[in-house]
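Asks: Can you read through this structure? Questions will come right after.
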Amino acid sequence: MPVIAATTQLTCFGDGSRTWAALTDGRCGARPFDAATAARLNVGATYPIAGRADRGRAADWLATVLRAAAAEAGVDARRERVVVVVGTGLRQLADVERWALDDTPCPVDQLHFGSAVRAALPGVREVVTLANACSAGGHALALAQDLVEAGEADVAVAAAADTATLSMQAMIGKVADRPTARVRPFDRDRTGVLLGDGAAAVVVTPVERPGPRLAHLLATGLSCDAVHETAPDVGGMTRAMRDALLRADREARDVRVVVAHGTGTALNDPTECQAIREVIHADQGDPWVTALKGAIGHTSGAAALCGVDIAVRGLRLGAVPPVVGLGNPLAEADGVRLVRDHPVAVPGSLTQINSFGFGGVNAVTLLEPAC
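Quick note on numbering: the working numbering labels position 101 of the sequence shown as 101, and the sequence is numbered without any gaps.
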C-alpha cells in the first residue's frame with residue numbers, strides 16, 4: 001500500500017500550514033474586484049495568491065509546491081525514478097488571454113508545465129499532464145498511485161495548479177443572478193462559486209521506502225457520468241465513492257471525515273449531500289463533513305489535492321476544520337454533520353476527499369493514518 005510522504009499547497013493564505021491555520025480560524029480569503037471589473041464580469045470577488053507574476057503564474061506556483069514537497073520527502077530525482085503527474089483545468093490559459101487582450105508575448109513552449117517541472121525537479125523521468133476539469137488533481141493522484149503500485153516509479157508526485165482566468169470568471173458571472181461576494185458551501189444563502197488561485201503537490205511512495213509516512217493512500221475511485229455539461233449527477237458521485245471503497249476494501253460506515261467538494265452552488269451542494277446519504281448514511285455511517293472553498297475559493301484543477309493536503313493535516317492533528325461561510329445550512333443537509341464555527345476533534349481515521357468536475361468527471365480519495 002503506498003503512503004503519502006509529503007504534501008503541501010499554495011493558496012490565497014500561503015502554504016499548507018498557513019492555509020490550515022486560516023481554515024481552523026474560520027477566515028475567508030476573498031478579495032473584492034473593483035467596481036468596473038465586477039460589473040463587467042458579474043463576479044464580485046476572487047481568492048488571489050499575493051504577488052502574482054505577470055506571466056506563467058500557474059507554472060511558478062507548481063514549481064514552488066513541487067520543490068517544497070520533494071524537499072520534505074527527501075526526493076532526489078537524479079537518484080530515483082521520479083514521475084510527476086500534473087492535474088489542471090486551465091493550465092496557462094491566463095497567458096493566452098493576456099496575449100489576446102494586450103499583445104503580451106506568450107511563448108508557445110511555456111504553455112505546458114514540462115519546463116517548470118523539470119526545472120523544479122532536475123532529473124525527473126516523465127511529466128504527464130491531465131486536464132480533468134475540477135477533479136484533475138484527484139485523477140493525477142490515482143495515476144500516481146498506479147505508477148507506484150505497478151513498480152513503474154520509485155516516487156510519483158501528484159501535483160496540480162490553476163489560476164483564476166478572466167474567461168472562467170466571466171462564465172461564472174454568466175450564470176449568476178448577481179455578483180457573488182464570497183463562497184458559502186452548504187448554506188441556504190449561497191449565491192454561487194468563486195475562483196481561487198491554487199497549487200498543491202502530494203508525494204506518493206512505496207511503504208517500504210525510507211522517509212516520512214504521513215498517511216496511507218488507500219485508493220481513488222473515479223467515474224465519468226457525462227450526464228450534463230455542468231450539472232452534477234448523484235449517480236456519478238456515488239459511483240466514484242463506491243469505487244474508492246471497493247478498491248480500498250473498506251466499508252462506507254467506517255468513513256469518519258468527508259472533505260466535501262462543496263462549491264456553494266445551487267446544484268452541487270444538495271446533490272453532494274444526497275450522495276453522502278446514499279452511500280455512507282445508508283451503511284449506518286455518520287461522518288463529519290467539511291469543505292474548503294468558503295476559505296480559499298474554487299482552485300479548479302488543484303481543488304482535489306488541496307483537499308488531500310488538509311485531510312492529511314487533519315489526520316495527523318486529530319482535527320477537522322469548519323466550513324467557512326456556513327451560517328444557515330441548506331434544508332437538504334438535514335442529518336449531515338457539517339462542521340460549523342469551530343474545528344472538531346476527530347482521532348485519525350478513515351477520511352474521504354470528494355472532487356467533482358464539469359461533465360461529470362469525478363474523483364473520490366480515501367486516506368488512513370500511517371502507523
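The C-beta atom is built at its ideal place from N, Cα and C for all residues, glycine as well.
My output table needs one value for Pro-32: the three-state DSSP class, helix, strand or coil.
Replies: As a working note, residue 32 is residue 32 in the sequence shown. Strand at Pro-32.
Asks: What are the partner residues of Phe-13, as DSSP defines its beta bridges?
Replies: If you number the sequence shown from 1, residue 13 lands on position 13. Paired residues: none, contrary to the question.
Asks: So the alpha helix (DSSP H) Gln-274 belongs to, where does it begin and stop?
Replies: One-based indexing of the sequence shown puts residue 274 at position 274. Taken as a continuous stretch (DSSP letters only), the alpha helix (DSSP H) holding Gln-274 covers 268-279.
Asks: Suppose only complete runs of 4+ residues qualify. What are the alpha helix (DSSP H) ranges in the region 48-80, listed by chain order?
Replies: Listed in chain order, the complete alpha helix (DSSP H) runs (minimum 4 residues) inside the region 48-80 are 57-73.
Asks: Tell me the DSSP bridge mates of Asp-187?
Replies: Taking the first residue of the sequence shown as position 1, residue 187 is located at position 187. Asp-187 is bridged to Pro-329.
Asks: With a threshold of 7 Å on Cβ separation, who are the neighbours of Arg-184 within its own chain once the five nearest residues in sequence on each side are excluded?
Replies: The residue labelled residue 184 in the question sits at position 184 within the sequence shown. Excluding residues within five positions, the ones whose Cβ falls inside 7 Å are Arg-190, Gly-264, Gly-294, Gly-325 and Leu-326.
Asks: Could you pull the DSSP bridge partners for Asp-162 from this structure?
Replies: If you number the sequence shown from 1, residue 162 lands on position 162. Answer is Gly-198.
Asks: Counting along the chain, where does the alpha helix (DSSP H) carrying Ser-115 start and finish?
Replies: Taking the first residue of the sequence shown as position 1, residue 115 is located at position 115. Start and end: 114-120.
Asks: Could you check where the alpha helix (DSSP H) with Gln-413 kicks off and where it finishes?
Replies: Here the chain covers residues 1 to 371 and nothing more, so residue 413 does not appear.
Asks: Taking the alpha carbon of Leu-305 as the reference point, which residue from Val-207, Ala-119 and Leu-217 has its own alpha carbon closest?
Replies: The residue labelled residue 305 in the question sits at position 305 within the sequence shown. Of the listed residues, the one whose Cα sits closest to Leu-305 is Leu-217.
Asks: Measure how close the beta-carbons of Glu-97 and Leu-195 come, nearest whole angstrom, since I'm counting them as under 8 Å.
Replies: Sequence index remark: in the sequence shown, residue 97 carries index 97 (1-based). Sequence index remark: in the sequence shown, residue 195 carries index 195 (1-based). In fact, because the Cβ distance is near 13 Å, the residues do not count as touching under 8 Å.
Asks: In angstroms with no decimal places, state the Cα-to-Cα distance between Val-86 and Ala-160.
Replies: Indexing the sequence shown from 1 puts residue 86 at position 86. Indexing the sequence shown from 1 puts residue 160 at position 160. Each residue's alpha carbon lies about 5 Å from the other.
Asks: For a test of the three-state rule: what should DSSP assign to Val-96, helix, strand or coil?
Replies: For this step, residue 96 is matched to residue 96 along the sequence shown. Note: Val-96 maps to helix in three-state DSSP.
Asks: Between the region 58-71 and the region 129-145, do at least 3 Cβ pairs fall closer than 8 Å?
Replies: No: fewer than three Cβ pairs fall under 8 Å.
Asks: Rounded to whole angstroms, how far is the Cβ of Arg-125 from the Cβ of Val-82, which I believe are closer than 8 Å?
Replies: For this step, residue 125 is matched to residue 125 along the sequence shown. For this step, residue 82 is matched to residue 82 along the sequence shown. Rounded, the Cβ-Cβ distance is 6 Å, consistent with contact.
Asks: Alpha carbons only, please: which of Glu-332, Pro-322, Leu-350 and Arg-239 is nearest the one belonging to Asp-341?
Replies: The count along the sequence shown starts at 1 and reaches residue 341 at position 341. Of the listed residues, the one whose Cα sits closest to Asp-341 is Pro-322.
Asks: Just curious, the alpha helix (DSSP H) that Leu-246 is in, first and last residue?
Replies: Within the sequence shown, residue 246 is the residue found at index 246, counting from 1. It spans 234-248 - the alpha helix (DSSP H) in which Leu-246 sits, taken as one unbroken run.
Asks: Using only alpha-carbon positions, find the residue among Ala-131, Asp-269, Gly-29 and Ala-94 that is nearest to Val-361.
Replies: Taking the sequence shown and counting its residues from 1, one reaches residue 361 at position 361. Closest option to Val-361, Cα to Cα, is Ala-131.
Asks: Please report the straight-line C-alpha distance between Arg-253 and Ala-38, rounded to a whole angstrom.
Replies: Translated into the one-based positions of the sequence shown, residue 253 becomes position 253. Translated into the one-based positions of the sequence shown, residue 38 becomes position 38. Answer to the nearest angstrom: the Cα atoms are 44 Å apart.
Asks: Measuring alpha carbon to alpha carbon, tell me which residue in Ala-45, Arg-239 and Pro-2 is nearest Ala-150.
Replies: Sequence index remark: in the sequence shown, residue 150 carries index 150 (1-based). The residue with the shortest Cα to Cα distance from Ala-150 is Pro-2.
Asks: Is Gly-348 helix, strand or coil when you go by DSSP?
Replies: Residue mapping note: residue 348 aligns to position 348 of the sequence shown, counting from 1. Note: Gly-348 maps to coil in three-state DSSP.
Asks: Using DSSP bridges, identify the partner residues of Trp-20.
Replies: Here residue 20 refers to the residue found at position 20 when the sequence shown is read from its first residue. DSSP output for Trp-20 lists no bridge partner at all.
Asks: Return the CA-CA distance between Arg-459 and Thr-290, expressed in angstroms with no decimal places.
Replies: What is shown of the chain runs 1 to 371, which leaves residue 459 out entirely.
Asks: Here's the rule: buried if 16 or more other CB atoms are within 10 angstroms of the residue's CB, otherwise exposed. What is His-298?
Replies: Along the sequence shown, read from residue 1 onward, the residue named residue 298 stands at position 298. So His-298 ends up on the buried side.
Asks: Going by the CB atoms, is the gap between Phe-33 and Pro-232 shorter than 8 Å?
Replies: By one-based count along the sequence shown, residue 232 stands at place 232. By one-based count along the sequence shown, residue 33 stands at place 33. Taking 8 Å as the Cβ cut-off, Pro-232 and Phe-33 do not qualify as a contacting pair.
Asks: Compare the beta carbon distance of Phe-186 and Asp-286 with 8 Å and say whether it is the shorter of the two.
Replies: Taking the sequence shown and counting its residues from 1, one reaches residue 186 at position 186. Taking the sequence shown and counting its residues from 1, one reaches residue 286 at position 286. It is not a contact, given that the beta carbons lie outside the stated cut-off.
Asks: Span of the beta strand (DSSP E) holding Asn-224?
Replies: Along the sequence shown, one-based indexing puts residue 224 at 224. The sequence given here has Cys at residue 224, not Asn. Counting along the chain, the beta strand (DSSP E) containing Cys-224 begins and ends at 215-224.
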